[in-house]
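Protein chains: 2
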Amino acid sequence: MNENFTRLLIGSGESSPEIRYLTGISTPDDFICIEHAGVVTALMSKLEISRARQVAKPGVAVLPESDYGTSRSEIIEKTAKVLNTDCFEVPPSFPLGLAEKLRSAGIKLKVSEQDFCPGRLNKSPGEAAFITSSQRAGEAGFARAVEVLQESSIANDKKILWNGTVLTSEILRAEIDCAILKHGSLPTGTICAGGIQSSQPHNAGSGVLFAGTPIVMDIFPRNPETGYWGDLTRTVVKGKAPEIVSKAYAAVKDARDTVKENITLGADCAKLHQMAENILTKHNFRTGISDGEPFGFFHGLGHGVGLEIHEAPRLSPRSNAKLNGGEVFTVEPGLYYREWGGIRLEDLIYLSPEGSVNCLTCAPDFLTIE
Amino acid sequence: MNENFTRLLIGSGESSPEIRYLTGISTPDDFICIEHAGVVTALMSKLEISRARQVAKPGVAVLPESDYGTSRSEIIEKTAKVLNTDCFEVPPSFPLGLAEKLRSAGIKLKVSEQDFCPGRLNKSPGEAAFITSSQRAGEAGFARAVEVLQESSIANDKKILWNGTVLTSEILRAEIDCAILKHGSLPTGTICAGGIQSSQPHNAGSGVLFAGTPIVMDIFPRNPETGYWGDLTRTVVKGKAPEIVSKAYAAVKDARDTVKENITLGADCAKLHQMAENILTKHNFRTGISDGEPFGFFHGLGHGVGLEIHEAPRLSPRSNAKLNGGEVFTVEPGLYYREWGGIRLEDLIYLSPEGSVNCLTCAPDFLTIE
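Protein chains in written order, with our numbering: chain Y, 1 to 370; chain S, 371 to 740.
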């Protein structure tokens, strides 16, 4: 924090991780938040003020926005007068439209050059526990999926049959997501993609699931009370796996586990990505582009997880980050080919400030389900 | 659209309704979108490009961002050169940090003064059908809650008992949310607040539910494929309702139904809010502030629903909007008192371009469940 500036944010607690981090308040609509002389103030509508007072982090002042004005710019201009300042430091995401209104009213805005909430990168044990709790909900979802696939049989045409009907991505996803809900977290777009659909990393999956092809399950629940996410991916095959799928699974597992063994304080995130890529290549799985469509390993090795599902640090070829301790991040190499589908295996890691590597994922590893 | 400007947006399809509306693509991470000479172009990462090509709206060009550069500002600067322009029109939400980088590289940005996607306000029949589909999922959730409460019994200490255990907000919410999932939509923060908790409109509810006090259920699922929301609120009491709760229920229902009868082309949104407020006052329910906490009817009467859960038009005292036909919006008066809790009843309305008023909500109205 630059002490010469009062800090100003606007956003909803649901979409703005900074606002949620600073205030603890989550709302569907935007509100204004000011940090001045170390005190965080949230300016709330009548609709939210009573609840906001109850859920706000200790020390956060919750005041009625209607005492300051009706429009956003009015409220901020009045606040500036009350605080006797004409300068605010704002995050890079601050909306340009509002910035121009404020500047034309004589308010100075300076975009923060450092991270606006540097504490978000280095998780406290309490934050790691919140993430772990969401991760457990995701694991309960995966366990339910495994149960469903164990109970299933295989029809002559290779369709998977369960509970008297043909199993689809939609049915399997609903089973996973209900298990997540019963563990107190919210599913947010669970991926359950079978066959060729699994060759697109973010294809959510739809339609009939078949035996003998990969089913990628990427499960990322959010706890609605804490706002923290979990993130888990496993890939399974019902029945016998084709040889190429088994080989790809072994390669991805080797890449994930080798990277996990090489996580240390000071590790370079781009080099960890490169390590995974090298291992996949060593296993004879190529990465490239064919007819304008990428194949092989074409996404980053991992990303931070916290109040955002994708946040710092990024583990990718272009990342400048080094691990300093306190980060929670995924390690999730994958291989994707239009010919047979995809494999992705994702674990969640908490590197403690002292350098111990804690895997927050407890889901088991196996490819085939009889 | 101002024809002198090429339009520029950045955001994720998940958080930016404009980007989703223009491209049809939904992603967890931000991407750049350009509209030039009537053609919308989405610049995608390798991770998303193959899927984006499949899900993009007809006519949207999907190109690899890596052909243009690595950083966001690089990609936009290169695009400007390719299009032979140095001016972009951007929405008010465009991030200030990126705007300053682009301006220092000589790119001109003009914040749009009109609505960036005016078509979003006036829903097509297809959009109304998407919203209705999410609404049906919410109604399935409400029907499940009613079933649970019908199956419940009342203990001597007034706790509600169900399925061999004490019924809590968490259990009832999980039952509602599982029903939503099985109807193909995602629950997003279902409110299930009993007793005094129901006096805070956005309190999600926690802990034991009791007979004889209001249970507010506000259910707003989103279809993950279309991105459109539904929104539904009902309030029920298990067992006998206290007289004040029955009177408040009758008042809120009168306000909701009278407003619904007065929706016409050209109706003034602020006046509809005032009409609801007058009816509640006529029923002897006061609105005000006591010890800094609001009581009575202290939120807007309603809001538009579409690719955002809260969007235009706003039906509130400060709204300047008039209804022009094509809007989908809620009518949801409520009364909230710390002494006994809250009542809210919310229906979803589609005012057709020809002026017919279609209620998209099919959930029944009743206060008590034996």
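Each residue gets a CB set at the ideal place from its N, CA and C atoms; glycine is no exception.
It should be emphasised that the depicted structure is a prediction, and the values quoted were computed from it without experimental measurement.
Distance CB(residue i)-CB(residue j) smaller than 8 Å
{"i": "S:Glu509", "j": "S:Cys732", "result": "yes"}
{"i": "Y:Cys192", "j": "Y:Arg222", "result": "no"}
{"i": "S:Gly695", "j": "S:Gly666", "result": "no"}
{"i": "S:Ser420", "j": "S:Thr397", "result": "no"}
{"i": "Y:Gly194", "j": "Y:Pro242", "result": "no"}
{"i": "Y:Ser134", "j": "Y:Lys101", "result": "no"}
{"i": "S:Glu384", "j": "S:Ser415", "result": "no"}
{"i": "S:Tyr598", "j": "S:Glu740", "result": "no"}
{"i": "S:Ser686", "j": "S:Gly670", "result": "yes"}
{"i": "S:Pro461", "j": "S:Glu517", "result": "no"}
{"i": "S:Leu721", "j": "S:Ile585", "result": "no"}
{"i": "Y:Leu367", "j": "Y:Val259", "result": "no"}
Length of the line joining the Cα atoms of residue i and residue j
{"i": "S:Glu716", "j": "S:His572", "result": "14 Å"}
{"i": "Y:Leu280", "j": "Y:Ala255", "result": "7 Å"}
{"i": "S:Glu647", "j": "S:Glu459", "result": "40 Å"}
{"i": "Y:Pro364", "j": "Y:Thr233", "result": "11 Å"}
{"i": "Y:Ser319", "j": "Y:Val305", "result": "16 Å"}
{"i": "S:Met371", "j": "S:Cys487", "result": "Reliability of the predicted coordinates at S:Met371 is poor, the pLDDT of 43 falling under 50, and the value obtained from them is presented with this limitation in mind. Their Cα atoms are separated by approximately 8 Å."}
{"i": "S:Arg514", "j": "S:Thr558", "result": "17 Å"}
{"i": "Y:Gly288", "j": "Y:Leu323", "result": "29 Å"}
{"i": "S:Leu579", "j": "S:Ala549", "result": "20 Å"}
{"i": "Y:Ser93", "j": "S:Val536", "result": "45 Å"}
{"i": "Y:Ser153", "j": "Y:Trp162", "result": "7 Å"}
{"i": "Y:Val39", "j": "Y:Ile32", "result": "14 Å"}
{"i": "Y:Lys57", "j": "Y:Leu307", "result": "15 Å"}
{"i": "Y:Leu9", "j": "Y:Asn84", "result": "18 Å"}
{"i": "S:Lys652", "j": "S:Ala621", "result": "9 Å"}
{"i": "S:Arg708", "j": "S:Gln570", "result": "8 Å"}
{"i": "Y:Cys87", "j": "S:Ser616", "result": "52 Å"}
{"i": "Y:Gly24", "j": "S:Ile445", "result": "35 Å"}
{"i": "S:Glu681", "j": "S:Lys493", "result": "12 Å"}
{"i": "Y:Val357", "j": "S:Glu418", "result": "31 Å"}
{"i": "S:Ser660", "j": "S:Ala637", "result": "33 Å"}
Residue range of the beta strand (DSSP E) that includes residue i
{"i": "Y:Glu35", "result": "31-36"}
{"i": "S:Gly704", "result": "704-707"}
{"i": "S:Tyr720", "result": "717-721"}
{"i": "S:Ile477", "result": "Segment: none, S:Ile477 is in no beta strand (DSSP E) and carries neither H nor E."}
{"i": "S:Phe699", "result": "698-701"}
{"i": "Y:His283", "result": "Neither: Y:His283 is in no beta strand (DSSP E) and is coded neither H nor E."}
{"i": "S:Asp588", "result": "585-589"}
{"i": "Y:Arg314", "result": "311-315"}
Any chain S beta carbon closer than 8 Å to residue i
{"i": "Y:Met1", "result": "Legend: pLDDT at Y:Met1 = 43, less than 50; position of this residue unreliable, value from coordinates given subsequently. False, the Cβ-Cβ gap to chain S never drops below 8 Å."}
{"i": "Y:Val90", "result": "yes"}
{"i": "Y:Phe298", "result": "yes"}
{"i": "Y:Pro224", "result": "yes"}
First through last residue of the alpha helix (DSSP H) which encompasses residue i
{"i": "Y:Asp177", "result": "169-182"}
{"i": "S:Glu663", "result": "Per DSSP, S:Glu663 belongs to no alpha helix (DSSP H); it is in the beta strand (DSSP E), 663-665."}
{"i": "Y:Leu8", "result": "Taken as a continuous stretch (DSSP letters only), Y:Leu8 belongs to no alpha helix (DSSP H), being part of the beta strand (DSSP E) at 6-11."}
Neighbour list for residue i in chain S, Cβ cutoff strictly below 7 Å
{"i": "Y:Glu293", "result": "Ser420"}
{"i": "Y:Val166", "result": "Simply none; closest approach about 16 Å."}
{"i": "Y:Asp67", "result": "In chain order: nothing, as chain S lies at least about 10 Å away."}
{"i": "Y:Ala174", "result": "Leu551, Lys552"}
{"i": "Y:Ser15", "result": "Ser385"}
Test: residue i CB closer than 8 Å to a CB of chain Y
{"i": "S:Gly565", "result": "no"}
{"i": "S:Gln570", "result": "yes"}
{"i": "S:Ala574", "result": "yes"}
{"i": "S:Cys548", "result": "yes"}
{"i": "S:Thr390", "result": "The sequence shown places Arg at residue 390 of chain S, not Thr. No, because no Cβ of chain Y sits closer than 8 Å to the Cβ of S:Arg390."}
{"i": "S:Arg688", "result": "yes"}
{"i": "S:Asp456", "result": "no"}
{"i": "S:Lys416", "result": "yes"}
{"i": "S:Asp481", "result": "Rather than Asp, the amino acid found at residue 481 of chain S in this sequence is Val. For S:Val481, the answer is yes, since a Cβ of chain Y falls inside 8 Å of its Cβ."}
{"i": "S:Thr440", "result": "yes"}
{"i": "S:Leu379", "result": "no"}
Residues that residue i contacts on chain S, provided the C-beta gap is smaller than 8 Å
{"i": "Y:Glu354", "result": "Under the 8 Å cutoff, chain S gives no residues; its nearest Cβ is about 31 Å from Y:Glu354."}
{"i": "Y:Glu100", "result": "Val481"}
Distance cut-off 7 Å: residue i Cβ against heavy atoms of the ligand COA
{"i": "Y:Asn203", "result": "Only the bare structure without any ligand can be found here, which leaves the ligand COA out of the picture."}
Residue i: contacting residues in chain Y (beta-carbon distance under 8 Å)
{"i": "S:Ser463", "result": "Pro95, Leu96, Gly97"}
Beta-carbon neighbours of residue i, restricted to chain Y and to distances below 9 Å
{"i": "S:Gly679", "result": "According to the sequence provided, residue 679 of chain S is Ile. The question's Gly does not apply to it. Ordered by position in chain Y, the residues that pass the 9 Å Cβ test against S:Ile679 are Pro28."}
{"i": "S:Ser522", "result": "Within 9 Å Cβ-Cβ: nothing; S:Ser522 doesn't reach chain Y, min ~18 Å."}
Per-residue contacts from residue i into chain Y (C-beta, under 7 Å)
{"i": "S:Glu540", "result": "Gly184"}
Interface partners of residue i on chain B, CB under 7 Å
{"i": "S:Pro557", "result": "Note that chain B does not occur in the displayed structure, where the protein chains are Y and S."}
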